[in-house]
Structure formats: C-alpha cells, structure tokens
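Trainee:
Number of protein chains: 2
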Amino acid sequence: MEQVKSYLNFTFYNPTKIIFGAKTIPQLRNLIPKESKILMTYGGGSIKKNGVYDQVKEALKKHQFLEFSGISPNPKYEHSMKAVEICKKENIDFLLAVGGGSVIDATKFISIAAKYEYEDPWDMVSKSFFGDSKYEPKAAIPIGTVITLPATASEMNAGFVLSRESTKQKYDKTHTLLYPKFSILDPETTYTLPKNQTINGAVDTFIHIIEQYATTNRNTRIPDRIAEGLLDIIISETPKALENPKDYSARANLMWSSTMALNDLIARGVEEDWAIHAIGHEITAMTGADHAKTLAAILPGLWKYKKEQKKEKLAMMAERVYGKKEGTDDEKADFTIQKTIEFFNSIGMKTTLSSVGIGKENFNEISKRINNRFTILKAPPLGENADIYAKDIIKILELCNL
Amino acid sequence: MEQVKSYLNFTFYNPTKIIFGAKTIPQLRNLIPKESKILMTYGGGSIKKNGVYDQVKEALKKHQFLEFSGISPNPKYEHSMKAVEICKKENIDFLLAVGGGSVIDATKFISIAAKYEYEDPWDMVSKSFFGDSKYEPKAAIPIGTVITLPATASEMNAGFVLSRESTKQKYDKTHTLLYPKFSILDPETTYTLPKNQTINGAVDTFIHIIEQYATTNRNTRIPDRIAEGLLDIIISETPKALENPKDYSARANLMWSSTMALNDLIARGVEEDWAIHAIGHEITAMTGADHAKTLAAILPGLWKYKKEQKKEKLAMMAERVYGKKEGTDDEKADFTIQKTIEFFNSIGMKTTLSSVGIGKENFNEISKRINNRFTILKAPPLGENADIYAKDIIKILELCNL
Numbered sequence: 001m002e003q004v005k006s007y008l009n010f011t012f013y014n015p016t017k018i019i020f021g022a023k024t025i026p027q028l029r030n031l032i033p034k035e036s037k038i039l040m041t042y043g044g045g046s047i048k049k050n051g052v053y054d055q056v057k058e059a060l061k062k063h064q065f066l067e068f069s070g071i072s073p074n075p076k077y078e079h080s081m082k083a084v085e086i087c088k089k090e091n092i093d094f095l096l097a098v099g100g101g102s103v104i105d106a107t108k109f110i111s112i113a114a115k116y117e118y119e120d121p122w123d124m125v126s127k128s129f130f131g132d133s134k135y136e137p138k139a140a141i142p143i144g145t146v147i148t149l150p151a152t153a154s155e156m157n158a159g160f161v162l163s164r165e166s167t168k169q170k171y172d173k174t175h176t177l178l179y180p181k182f183s184i185l186d187p188e189t190t191y192t193l194p195k196n197q198t199i200n201g202a203v204d205t206f207i208h209i210i211e212q213y214a215t216t217n218r219n220t221r222i223p224d225r226i227a228e229g230l231l232d233i234i235i236s237e238t239p240k241a242l243e244n245p246k247d248y249s250a251r252a253n254l255m256w257s258s259t260m261a262l263n264d265l266i267a268r269g270v271e272e273d274w275a276i277h278a279i280g281h282e283i284t285a286m287t288g289a290d291h292a293k294t295l296a297a298i299l300p301g302l303w304k305y306k307k308e309q310k311k312e313k314l315a316m317m318a319e320r321v322y323g324k325k326e327g328t329d330d331e332k333a334d335f336t337i338q339k340t341i342e343f344f345n346s347i348g349m350k351t352t353l354s355s356v357g358i359g360k361e362n363f364n365e366i367s368k369r370i371n372n373r374f375t376i377l378k379a380p381p382l383g384e385n386a387d388i389y390a391k392d393i394i395k396i397l398e399l400c401n402l
Numbered sequence: 001m002e003q004v005k006s007y008l009n010f011t012f013y014n015p016t017k018i019i020f021g022a023k024t025i026p027q028l029r030n031l032i033p034k035e036s037k038i039l040m041t042y043g044g045g046s047i048k049k050n051g052v053y054d055q056v057k058e059a060l061k062k063h064q065f066l067e068f069s070g071i072s073p074n075p076k077y078e079h080s081m082k083a084v085e086i087c088k089k090e091n092i093d094f095l096l097a098v099g100g101g102s103v104i105d106a107t108k109f110i111s112i113a114a115k116y117e118y119e120d121p122w123d124m125v126s127k128s129f130f131g132d133s134k135y136e137p138k139a140a141i142p143i144g145t146v147i148t149l150p151a152t153a154s155e156m157n158a159g160f161v162l163s164r165e166s167t168k169q170k171y172d173k174t175h176t177l178l179y180p181k182f183s184i185l186d187p188e189t190t191y192t193l194p195k196n197q198t199i200n201g202a203v204d205t206f207i208h209i210i211e212q213y214a215t216t217n218r219n220t221r222i223p224d225r226i227a228e229g230l231l232d233i234i235i236s237e238t239p240k241a242l243e244n245p246k247d248y249s250a251r252a253n254l255m256w257s258s259t260m261a262l263n264d265l266i267a268r269g270v271e272e273d274w275a276i277h278a279i280g281h282e283i284t285a286m287t288g289a290d291h292a293k294t295l296a297a298i299l300p301g302l303w304k305y306k307k308e309q310k311k312e313k314l315a316m317m318a319e320r321v322y323g324k325k326e327g328t329d330d331e332k333a334d335f336t337i338q339k340t341i342e343f344f345n346s347i348g349m350k351t352t353l354s355s356v357g358i359g360k361e362n363f364n365e366i367s368k369r370i371n372n373r374f375t376i377l378k379a380p381p382l383g384e385n386a387d388i389y390a391k392d393i394i395k396i397l398e399l400c401n402l
C-alpha cells in the first residue's frame, strides 16, 4: 500500500511579538526595558529621509542609546564586527534594528557574536554548518526591530544571511535565539519606498512562498491554503501599491504578507525547496544583481525543469490562485508558469537572465559555483528532493529566458 | 472622504510551541524539565481507553507526577479548586493537561489560582471583568497540553471559560500568562473519537472562524484568506474523517485547523463578533445541549438578522468558499447561508432550535438571560458593533429554524 501523503511531523514555535499598524513606533518606549542600554542599528540615510529615524529617537528619548549605521545590502561580517566591539565596550543590552532585512540580519549576527565565548564568531555561521555543536550560539543580546522594507520576514523568523568579504563566503544561519523579541510593522513607513524596492519586495515575498508551496503535494491543507491566500494578496495588492504608494490597505496587506510568507508557518509539515534562492545567490555574487531580480530570472527555468515533480502543486496553484479549473494537470502547470511570468512582467519585473547580467557564456561558471557548495561546503544537492546537481544547473539555465 | 477600510491596529504574540504529528507524545520527556513535580489533569476515562494515558505515563516514567481527574465538560470552579489545593500542598511546578478544551480550560484556571495572592481566585475571573487590575493574575504554574479533541484551540491561546455552580456564573478570561508552554497535537489520538464529537468539533471550529471572518469587510486580506482556507478545509476534510476515522491526512488537517481557527491569528486586524456563542452559551445553560449544536441552531437566525451588516463578507464567502461567482451580493449572501446549513446537515449536524431543546415558549427566557449580562455584568451589547440588545435576541430566534 502506498504511504499516505500527509504532513511531515513538525515543531512550530514563534515567540516574536508583532505590533502592527499606523503610528505604532511610539510604542517602542514601553517595549524596551527602561534601564536598557540600546544600540540602534541601521543602514544608509533612508530612515532619516522618511522620518522613521526621528520617530524612533523621539520614542526613546528617555532611554540611553547609541547608534551604529552603514549596514549595506548583503550585509558583511567585517562591518558587523565593528558593532560587536561597541556592544562589548559599551555593555549594550538591547539591539534595535531599524530598516529592512539586511539591517535585521546583520543585527542578529551581532546579537550572538557579542555573546560568543570563543575567538571567532564567524565559526557560529560557517562551522556550525557541519553540525559541530561547539560552535552553536549559547546566548544573545535581545533584539527588537522596526521594519521599513517588507521582504525578507527576518522581523519574525530566526534566520539571517551574512557574507564574509575576505573569504568570499556567504552563509545562512538559523537558531531559536534569533527570534526578535518584538517587531513593529507600520505600513506608513513604506509609503516612500522607491518603486523598484516595492517591486523587489513583492517578488521576493512571492518566491519565498513558492519555495515552500510549489513542492510535493502532501495534502497539507493548512500551509497550502495560507500560501495560496498570500500569493493571491501579492498579485492583487502590488499593483495598487504601485499605482498609489499611499494606499494604506494595500501597503498593510503587503507588509503583513511578507512577514507571514517566511515566519515558519507555511513551512511546517511540507517539503521545502530553495533551489531558486541558491542559484539566485550565486548570480548576485557574480554580477551584483538585486536578489529579487535573480529569483524572477531563475523561476521559469526551474519550474520547467522540475515540472513533473511539482506538477500536482503547480496545477493546484492554477486552480486556486489563477482560477483555471479546466484542463489536465499538465496544462494547468504550464498555465501557472505562464501566468506567473505575466504577473512579474506586469509589475515591472523582468524574467530574463540578461536582465541580471547573465548570458550563455556564464552558465558554466554558475554551475561550477554551485558545485563548490557540494565539494567545499559538503552541502547536499539542491531542491526539495536533493536531486539537483551541478549538471542540472546548466539544464535549468538553458530553460530560462535569455 | 470615506475612511479607508483596513486593518485595525493590533498586537500578535503567541509563544506556545506546537509539536505536531503521529507518535509525538514520547517527546513529553524532553519538553518538561526533569526536576519538575507535575500534576497531570484529565477528564473521564477516554484517555485510558484510547491509550493516551499509557503513552503519557510511559513518557514521564522518570518524572515525578501526580494525577487529578474528573474534569467535566463546561468545567467547574468548585472541582478545579480541589486541584488548586493539591498544587499548593504538593508544591506542583508543572501542569500537564491531557484531553479536550474543557480539561485545558480548567487547568489554565488552576495554574493562576494556585499562584493567587488574595483570598478567592474566582475574583480573577469575575471581578477582573470590570477592569479592576488588582484582580489580574500575576503569576502562573507553567502548563503543557496533550490535546485529544480538536475544537476549542485552548491548546494555543490564552483564554479559558469556567462556570461556578454555587452562583450560576459562567465567565471567560484571557491573559498572556495562560498560553501553554507547549501543546502536543497527535492526529492519531483522534482516531477513536465518537462520531458526534468529530461533528461537534468540526462545527465548533467552523463557527469560531465565522465569528471572526463574517464581520465588517476591512480589506484585511491575510486573516480573510486564512479564514476562507480553514473553512474550505473543514468542509472538505470532515466528511473524510467521518467516512474513515483513521484517515490520517483528514485528521491532521482537522486538528491543525481547529488550533489555527482560534490562536489569535485570524482575529488580528478585524472586528470580532461572538454573538452566536453568547446566545448559544445561554441555551447550553438552560437545556444542557452540546455547545456546538447550539451554535449550529443559532447561526442561520443571526446571519439572516444581520445580513445587511455582514453582506460584503457573506458574499465574499460565497465566492471564495462556495465558488459562486455570479449574482448580486444579496444573492451571494443568501447562498452562503443556505450552503452552510446544507453543509452542517450533510455531516449530521441539525440546525434547528428544537434539536437543542428550545421552542417559541423559551424565547423570552433566553432574551432575559442575555439581558442579565447587560444589567448585572454590565457587559456591552452583543455583536461586532455592540448593537444586539435583548429585544434583538427575540427577532434572531424568530429567524432561526424551529
């Protein structure tokens, strides 16, 4: 008898407190203990231009706090270590990350690095990859966040991604200690986002959902229905936010969707994939292309290459997200691929390799870089079934649009 | 200009750890600190018949634990206070509730009552209703649960309902201290549920969702889409579980749905109603009818009476849950009412007042009991807009099926 397809056993635990709504930043003063010595972390000047910086300073005017700025997209180990020094020297006992996913990711690393007992905190990121529990974090400075760029959901999950320039390494790390204590989501902070960041955030969110949803059908109706709902929201609300950047309802729906897309809930019970992300990361490392743009360029090729494996779910998506009730599963799967490309293009996101600086001449290098993951990092092959090897990468790239 | 309809500002915080899947009860031994002195609470004998009692004892064979049984449906203050005495006398420092919502609810009360500093713990339930913070709980014994009857979601929320026999009072109470530390959801524990309990659980879950979803449309797409997904799951999976009680996939979907239906998530940002529950509770108090049956009897009358107020959402439900894309909002709302009655009837749940022991001759008494809530408890009128008074109750009952 065939094994019944159903939920993989799982644990779900997400203790981050979400404060959601317009003009909620003043609540910071009650969310952070009065006696704390805070290090506020942020990136460039955008929070100074959009007024968030002033709102935070006003909320914390009775707290003691220092600032650490200059956190970049694809945040760096080397820069983060400067904040670690400040934390130790100044006895910082609360970290407040204000900005997008990169700021929060760097701050998560800082939170465990400042409490690390051995010599090099990078070991927690690189060596723990091989399962050596000696290098697991044991303590962290508590973190709160004010998120201003909805995309990564770092504000409500326990992961971060960090790069080390000197060694050209880029790793992700997940640990229960990394859940923020609280995150403030004020949709009004996104009114002034540049158009391309709204588009990138929507596509990043969309593909986060896809990496969890468009996998083997295991009759996991709860994550499936939530994922479809979130996809439906991205499709319907993104054009509204682009048309009218101060559409509160659209901004609120997009902001909460991006958090819900990667706060563990829709991952529980299902297979996860993340092959699109893995290939996209290498392209960003090679050409500096925006993360979301690389995902949009890879998705069509990956789906075409893995259509048989993912057919049931792609057909389900055609029925429940794109409203196509008629036809075979094969036709429905093709419909989903086509409609997704059309949606991305309609909001101004290209779905071609050339748009991220890649041509046929780069295929071998991308494949080689992925192969390094297997040989040097001893990482498993990509994909939900760990069956995507370096040779498959070439075939996937050949199915992408040039 | 009309106010933009969107999310009410909210806080979402739910720190309960969920352990989900077949054969997860042995994990208890690592979930509860080794040195704990545990009081295991349960109801009648069902956990002894279905093997759950033995699984728990086996898992905790290296722990020190006592037992407290006999917790009834609609659990009682008087009985719970016996457990409070045990907790104090035996220095219990962990409570493990094994059973359905009633067991968990009583255990939640026990957890705060055993730590209460003043004379009568009932004050935390009754007097805090009037906002006197003196009577708020300040500490609680930590709780874990093994849920065997999916319905109330008490395993992942911070609320309980308790009755005091001597004063004929029944109150609900919510407090952050009441989130269980963990809850084990093993779908296999529901294989042996009596058919009527599977039906009651499904209807209870369905109407929990409705009390949050079938309210004013505020463009709250995340809770809306999740609620629709959960309704879809109840409709599709309940018949499978009734047809084949050991259908793991159906049991798993129903179990996780009932938790998700009332773990705060779909309540955040929306108006909530709970009028169906309020009227149903009075009927249970009068005739002893099952909670879920009273809800199914009241729903048609409440929806007909409040159709104008709820029309947008009832029409949305027709489109997205029952697949009716054509027609006016009014026609769609009627369709939703009709299809919901048909669904309840199809799984063996009656939707008539006579099925819960109520006839026309009882309408005045129900109305009077509701009125007592306003005059004695100073509770606000019922419904999402607090516009349902005693006189409206008569009209709602007249629109129910006899």
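First to last, the protein sequences are chains A and B.
Quick note on numbering: the first sequence equals residues 1 to 402 in the UniProt record's numbering.
Quick note on numbering: the second sequence equals residues 1 to 402 in the UniProt record's numbering.
Just so you know, even glycine gets a beta-carbon here, dropped at the ideal spot from N, CA and C.
1) Taking Cβ positions only, does residue 97 of chain A come closer than 8 Å to chain D?
2) Compare the beta carbon distance of residue 380 of chain A and residue 389 of chain A with 8 Å and say whether it is the shorter of the two.
3) Hey, how far is the Cα of residue 425 of chain A from the Cα of residue 228 of chain A?
4) Assuming residue 385 of chain A contacts residue 316 of chain A under a Cβ cut-off of 8 Å, what Cβ separation, rounded to an integer in Å, is found between them?
5) Consult DSSP for residue 1 of chain A and reduce its assignment to one of helix, strand or coil.
6) Please report the residue range of the beta strand (DSSP E) in which residue 181 of chain B lies.
7) Under 6 Å Cβ to Cβ from residue 20 of chain B, same chain only, skipping five residues before and after it: list those, please.
8) In chain order, what residues of the same chain lie with their CB nearer than 7 Å to the CB of residue 344 of chain A, ignoring the 5 residues before and after it?
9) Taking only runs of the alpha helix (DSSP H) that begin and end inside the segment 174-257 of chain A, which ones reach a length of at least 4 residues, in chain order?
10) Would you mind telling me which residues of chain B sit closer than 7 Å to residue 51 of chain A, beta carbon to beta carbon, in chain order?
11) Contact check, residue 292 of chain A vs residue 212 of chain A under 8 Å by CB: the rounded distance?
12) Would you check if the distance between the CB atom of residue 230 of chain A and the CB atom of residue 257 of chain A is smaller than 8 Å?
13) Measuring alpha carbon to alpha carbon, tell me which residue in B:399, B:170 and B:12 is nearest residue 353 of chain B.
14) Could you tell me which uninterrupted alpha helix (DSSP H) segments, each at least 4 residues in length, are contained entirely in the segment 85-153 of chain B, listed from first to last along the chain?
15) Look at the Cβ atom of residue 151 of chain B, then the Cβ atom of residue 91 of chain B, and state whether they are nearer than 8 Å.
16) Closer than 7 Å, Cβ to Cβ, to anything on chain B: give me those residues from the segment 242-255 of chain A, in chain order.
17) Any idea what DSSP makes of residue 268 of chain A, helix, strand or coil?
18) Is the beta carbon of residue 156 of chain B less than 8 Å from the beta carbon of residue 30 of chain B?
19) With DSSP run on the structure shown, which of helix, strand or coil describes residue 421 of chain A?
20) Report yes if the C-beta distance between residue 140 of chain A and residue 178 of chain A is below 8 Å; otherwise report no.
21) May I ask you to verify whether the segment 25-42 of chain B touches the segment 229-246 of chain B, counting CB pairs closer than 8 Å and requiring at least 3?
22) Distance check for residue 23 of chain A and residue 111 of chain A, CA to CA, integer angstroms please.
23) Does the beta carbon of residue 17 of chain A come closer than 8 Å to any beta carbon on chain B?
24) Let me make sure I understand the geometry here. Which of A:209, A:188, A:183 and A:158 has the alpha-carbon closest to that of residue 274 of chain A?
25) Please state the DSSP three-state secondary structure of residue 262 of chain B.
26) With distances taken Cα to Cα, identify the nearest neighbour of residue 18 of chain A among A:190, A:225 and A:181.
27) Between residue 113 of chain A and the rest of its own chain, which residues show a CB-CB distance below 6 Å, the 5 nearest in sequence each way excluded?
28) Quick check on residue 159 of chain B: does DSSP put it in helix, strand or coil?
29) Excluding the 5 residues flanking residue 126 of chain B on each side, which residues of the same chain have their C-beta closer than 7 Å to its C-beta?
30) Taking all protein chains shown into account, do 16 or more other C-beta atoms lie within 10 angstroms of the C-beta of residue 269 of chain A, making it buried, or fewer, making it exposed?
31) Got a sec: is the Cβ-Cβ distance from residue 386 of chain A to anything in chain B below 8 Å?
32) Could you tell me which chain B residues have their CB closer than 9 Å to the CB of residue 201 of chain A, listed as they occur along the chain?
33) What does the alpha-carbon distance come out to for the pair residue 70 of chain A and residue 62 of chain B?
34) Quick check on this structure: which residue in A:105, A:174 and A:133 has the alpha carbon closest to the alpha carbon of residue 145 of chain A?
35) Could you tell me the boundaries of the alpha helix (DSSP H) in which residue 309 of chain B lies?
36) Suppose you measure from the CA of residue 55 of chain B to the CA of residue 261 of chain B; what does that come to, to the nearest Å?
Mentor: Reading it off the structure:
1) This model lacks chain D altogether; the protein chains it does include are A and B.
2) no
3) No answer is possible for residue 425 of chain A: it lies beyond the span of chain A, which begins at 1 and ends at 402.
4) Not quite, the Cβ-Cβ distance comes to about 18 Å (not below 8 Å), so this is no contact.
5) Caution applies to residue 1 of chain A, whose pLDDT of 42 falls short of 50 and renders its modelled position unreliable; the value that the coordinates give is listed next. Coil at residue 1 of chain A, not helix or strand.
6) Premise fails: residue 181 of chain B is in no beta strand (DSSP E) and is neither H nor E.
7) 185
8) 203, 296 and 351
9) 195-213 and 221-243
10) The contacting residues do not exist; residue 51 of chain A stays about 18 Å from chain B at best.
11) Wrong, their Cβ atoms sit about 17 Å apart, outside the cutoff.
12) yes
13) B:399
14) 101-113 and 122-126
15) no
16) 248, 249, 252 and 253
17) coil
18) no
19) Examination of residue 421 of chain A is not possible in this model, given that chain A is present from 1 through 402 alone.
20) yes
21) no
22) 27 Å
23) yes
24) A:209
25) coil
26) A:181
27) 84 and 121
28) strand
29) 169 and 171
30) buried
31) no
32) Near residue 201 of chain A there are no residues of chain B at all, since even the closest Cβ is about 16 Å away, more than 9 Å.
33) 53 Å
34) A:105
35) 307-320
36) 27 Å
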